[in-house]
Amino acid sequence: MPHPLITQDQIDSYQRDGVVLIKGLFADHVETLRAGVARNMEAPGPYASNNDKPGETGLFFDDYCNWDRIPEFEEVIRTSDAAQIAAELMQSQSAQLFHDHVLVKEPGTSMATPWHQDGPYYFVEGKQTVSFWSPLDPVQEASLRCVAGSHLWEKPVLPTRWAKGDAFFDPAPYMAVPDPDAEGMDIREWAMEPGDAVAFNYGILHGARGNTSGTRRRAFSLRMVGDDARYTQRPGPTSPPYPGHDMTEGQKLREDWFPVLWPR
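Residue 1 is where the sequence shown starts when you use our numbering, and the numbers rise one by one after that.
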C-alpha cells in the first residue's frame with residue numbers, strides 16, 4: 001500500500017504526467033525548514049546567488065548543496081517521509097539524496113524563475129528522479145508552474161544561467177526554451193499552504209512568476225534519485241558542479257556524498 005499521504009492514482013499520475021501535488025508532505029517540518037533557510041541566508045554557501053538582473057526589482061536568493069552544514073535541513077531530509085514517498089512515486093526500491101535547494105523571493109521581487117528542466121544541468125541520467133518543491137509561506141501567483149508530460153519530450157531543453165541568460169553548453173543537441181503560456185501547453189500550478197509539496201521529474205519543464213505580493217515566498221526543494229540513476233559526463237561544467245567527485249560514466253552516485261535515504 002502507498003504511504004498515507006499519497007494514493008495509487010497519484011503514483012500513476014506521476015509516471016504519466018511527471019508532476020503531482022502532495023498536500024502536507026513537510027507540514028510537520030515547516031518551522032524547522034524556516035529556521036534552516038534563515039541560517040542559510042545568514043551564512044550563504046559558495047553557490048549562493050541573489051540573481052541580480054538589470055531592470056528587476058526585489059531580491060531573489062537561491063542556494064543549494066547545504067544539507068551537510070545546516071542541521072535543520074539534514075534533520076528534515078533524514079526524518080521526514082519524503083524519501084519513502086519519493087521511492088513510491090519513482091517506482092524505485094531506493095531513494096538517494098542528490099541535493100537540497102533554497103529559493104527565496106522577497107516581497108516585490110519582479111524576476112521570474114525562468115522556464116527550465118533540472119535534468120540537463122545535472123550529471124545524472126535516469127528515469128527514476130524526483131524533486132520536491134515546498135513553500136514555507138502560503139503561495140498564490142508565486143507558486144511553481146510545471147508543464148505536464150514534458151519529461152517525455154524527445155530532446156532536452158537547453159540549460160541557461162538564470163540571471164545572464166547565456167547557455168551552459170553548445171545549443172546544438174538541445175531544444176530552445178519554449179514559451180508554455182504562448183504555446184498553450186498543459187501547465188499545472190496550485191495555490192499551496194506551507195508544507196505542501198509539488199513532486200516533479202527532473203525532466204519536467206518548470207518555472208515560477210515573480211513575487212508581487214507583500215509577503216515573502218520561501219521555498220525548500222529536495223532532489224532525489226532512484227535505482228536507475230547513473231553518473232553521466234556533460235559537455236561542460238554542471239550545476240551543481242561537485243568538484244572532485246571522481247565518478248565515471250555509468251557509475252551509481254557515490255553513497256558517501258549522496259546518501260541512500262530509503263530504505264532507512
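C-beta atoms are modelled at their ideal positions from N, C-alpha and C, and glycine is treated no differently.
Fair warning: this is a prediction, and the values are worked out from it, not measured in the lab.
DSSP links C146 through a beta bridge to R188, H206.
Residue pairing by DSSP places D196 in no beta bridge whatsoever.
A distance below 6 Å between beta-carbons, with the five flanking residues on each side excluded, links P138 to the following residues of its chain, in chain order: E193. The continuous beta strand (DSSP E) containing D62 extends over residues 60-64.
Membership of L97 in the beta strand (DSSP E) is indicated by the continuous run 95-105. If you draw a straight line from the Cα of A38 to the Cα of M185, it comes to about 36 Å. Exclusion of the five residues before and after I187 leaves R145, C146, V147, A148, P180, D181 as the residues of its chain whose Cβ lies within less than 8 Å of its Cβ. When secondary structure is reduced to three states using DSSP, P135 falls in the strand class. Distance check between G207 and each of E141, E183, H116 places H116 closest, using alpha-carbon atoms only.
A straight line joining the alpha-carbon of I204 with that of L222 spans about 15 Å. E189 counts as buried, since at least 16 other C-beta atoms from the protein chains shown sit within 10 angstroms of its C-beta.
The beta-carbon separation of L33 and L97, rounded to 16 Å, does not stay under the 8 Å limit for a contact. DSSP, read as helix, strand or coil, puts A43 in coil. When secondary structure is reduced to three states using DSSP, M175 falls in the strand class.
The three-state secondary structure of S13, taken from DSSP, is helix. Contact check for M90 against F61 fails: the beta carbons are separated by 8 Å or more. T57 has its alpha-carbon roughly 15 Å from the corresponding atom of S49. In terms of CA proximity to Y202, S150 leads the group K23, K53, S150, T7. Under the three-state reduction of DSSP output, Y231 falls in the strand class. Of the residues assessed, K164 falls on the exposed side of the cut-off, its CB having fewer than 16 other CB atoms within 10 angstroms. Counted as a single uninterrupted DSSP element, the beta strand (DSSP E) harbouring P114 occupies residues 113-116.
Counting only the Cα atoms, L152 lies some 16 Å from A229. Within its own chain, the residues whose Cβ lies closer than 8 Å to the Cβ of Q84, once the five positions on either side in sequence are excluded, are H3, A95, W262, listed in chain order. Taking C-beta atoms as the reference points, F132 and A219 fail to come closer than 8 Å.
In the structure shown, T160 falls within a strand segment according to DSSP collapsed to helix, strand and coil. For A38, the three-state secondary structure derived from DSSP is helix.
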